[in-house]
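Residue numbering for the sequence shown follows the working numbering, starting at 2 and increasing by one per position. Beta carbons are placed, not taken as given, at the ideal position from N, Cα and C, and that holds for glycine.
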Amino acid sequence: MVVLMATTNPARETKISRQVVKNSVADVGAVLDEMGASSVFLVADVNAYLGSGAAQALHECLANRSVTLFTRFDVNPKLEQVLEGLELFKQARARVILAVGGGTALDIAKLINYFAAQPVEPLEALSPKGGVVPGVPLIAIPTTAGSGAEATQFAVLYVDGVKRSVEHANIRPTVAVVDPVLTASMPQSVAVHSGLDALCQAIESLWSVHADEVSIPHATEALQLLLPNLPHVGEGASTEVRAAMCQGAHLAGKAIDITRTTAAHALSYPLTSRLGVPHGAAVAMLIGPVLIYNSGVGTVDCNDVRGPKTVLHRVEDIVEMFGCKKAEEGATWLTGLVVAVGSPTRLGEVGVTSAEQVKALAAEVNTERLNNNPRKFTPEAVEKLYADLI
2 MVVLMATTNP ARETKISRQV VKNSVADVGA VLDEMGASSV FLVADVNAYL GSGAAQALHE
62 CLANRSVTLF TRFDVNPKLE QVLEGLELFK QARARVILAV GGGTALDIAK LINYFAAQPV
122 EPLEALSPKG GVVPGVPLIA IPTTAGSGAE ATQFAVLYVD GVKRSVEHAN IRPTVAVVDP
182 VLTASMPQSV AVHSGLDALC QAIESLWSVH ADEVSIPHAT EALQLLLPNL PHVGEGASTE
242 VRAAMCQGAH LAGKAIDITR TTAAHALSYP LTSRLGVPHG AAVAMLIGPV LIYNSGVGTV
302 DCNDVRGPKT VLHRVEDIVE MFGCKKAEEG ATWLTGLVVA VGSPTRLGEV GVTSAEQVKA
362 LAAEVNTERL NNNPRKFTPE AVEKLYADLI
């Protein structure tokens, strides 16, 4: 299924509110026409833009428009790179931003659009106070099935080596183009890691303290799509598998847009920033242990105001979707899935072998991100979870 969908964003509503189930990339020209876009600022991951077929698919609709291209950013984008893109965007005076690539390209575009519209300097805008000015229309075209960034109201960057997240409804893209055709050329490792990220986002959304009647159906459907198809991603994946993964990743993105991520993501970030472990691989290494940890929630350490029974019910629902009955069994099943797709499951596999390294990892965990987790984490609990994974 090929889907062109306008993401829900009342603050930046356009007259585009339709869903097309075929040829969505070909429809981008019509979307640009409706937006009155004579000039376009294109943020793209060069390899993904060319390799996915997006460049060829978009050539005709961009040929008669003024296009400014920005590609100078890393996988883990730095503030300096965002500022470089911001300056280029201001010079271009483009009417629309078009983002093509994985989560990084989409986040860069979201940040440029956000910073450009604010009346304060970017560093001050990292922690918005009061009203936030909407930017120009932003069309997000993911070439991976993982981050769900095309559906979310937040974006991440690194400031002096520290991961920062910016969050506001005006950051969410105006239009998301979800086209599985563009994921056909994903390298095996990218397909696996992005798929694992989507899977973990769906799981974490279900047990998040912010899970509600809107997010739960999104996350549940995402898991129903991702679980049977993840083992078959990568080179040679069928059209049906790619479509299911794209839709699953998008739904997981919609779910975490409401709930945010929890402990598995919070604990994964030091593995990426400190050791260079790909994000999807890092969070997948931790999702099983966090599942077991959350299954031990009680009245004293419950973060969810609805109480531990609600949390335990959600954990049971997740485990049942794996075909298991107990959390330990579910965690073992998850580990088997991660192994089956060729991703690490132990910290020793990525170079963590000592107590000193564990302490260093634990010291870098952003405790604020742990507040979304249904069971409280003490510093000792963080260290123990890492240590048990060596």
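The Cβ atoms of residue 252 and residue 222 lie closer than 7 angstroms to each other. Relative to residue 30, the option among 184, 144, 64, 45 whose CA is nearest is 64.
Using a 10 angstroms sphere on the CB of residue 57, the tally of other CB atoms stays under 16, which defines it as exposed. The secondary-structure analysis by DSSP pairs residue 303 across a beta bridge with 376. For residue 124, DSSP records no beta bridge to any residue. Scanning 151, 94, 194, 195 for the CA closest to the CA of residue 176 turns up 151. The beta carbon of residue 275 is closer than 8 angstroms to those of 361, 362, 365 in its chain, skipping five residues each way along the sequence. For the segment 280 to 345, the full-length alpha helix (DSSP H) segments reaching 4 residues or more read 280 to 295, 309 to 322, 328 to 341 along the chain. With fewer than 16 other Cβ atoms from the protein chains shown falling within 10 Å of its own Cβ, residue 60 counts as exposed. Contact annotation: the segment 120 to 139 does not touch the segment 241 to 248, with fewer than three C-beta pairs closer than 8 angstroms. The beta-carbon distance between residue 227 and residue 199, rounded to whole angstroms, is 6 angstroms. This is short enough to meet the 8 angstroms contact definition. In the three-state scheme derived from DSSP, where H, G and I count as helix and E and B as strand, residue 69 is classed as strand.
Non-local beta-carbon contacts of residue 123 in its own chain, meaning distances under 6 angstroms to residues more than five positions away in sequence, involve 116 in chain order. For residue 155, DSSP records a beta bridge to 168. Going by beta carbons, residue 144 and residue 53 fall inside the 7 angstroms limit. Where residue 83 is concerned, the enclosing alpha helix (DSSP H) starts and stops at 80 to 93. Secondary structure note for residue 143: it is in no alpha helix (DSSP H), and the uninterrupted beta strand (DSSP E) holding it is 139 to 143. Counted as a single uninterrupted DSSP element, the beta strand (DSSP E) harbouring residue 41 occupies residues 40 to 45.
Around the CB of residue 184, 16 or more other CB atoms lie within 10 Å, so the residue is classed as buried.
Counting the other Cβ atoms within 10 Å of the Cβ of residue 314 gives fewer than 16, which makes it exposed.
106 is the residue among 93, 106, 99 whose C-alpha sits nearest the C-alpha of residue 82. Relative to residue 372, the option among 208, 386, 39 whose CA is nearest is 208. DSSP places residue 390 in the coil class of the three-state scheme, outside both helix and strand. Between residue 127 and residue 165, the C-beta gap is smaller than 7 angstroms, which places the two residues in contact. Between the C-alpha atoms of residue 336 and residue 114 there is a straight-line separation of about 39 angstroms. In terms of CA proximity to residue 231, 249 leads the group 317, 353, 249, 378. In this structure, 343 is the residue among 378, 35, 343 with its C-alpha nearest to the C-alpha of residue 192. In this structure, the alpha-carbon of residue 179 lies about 44 angstroms from that of residue 356.
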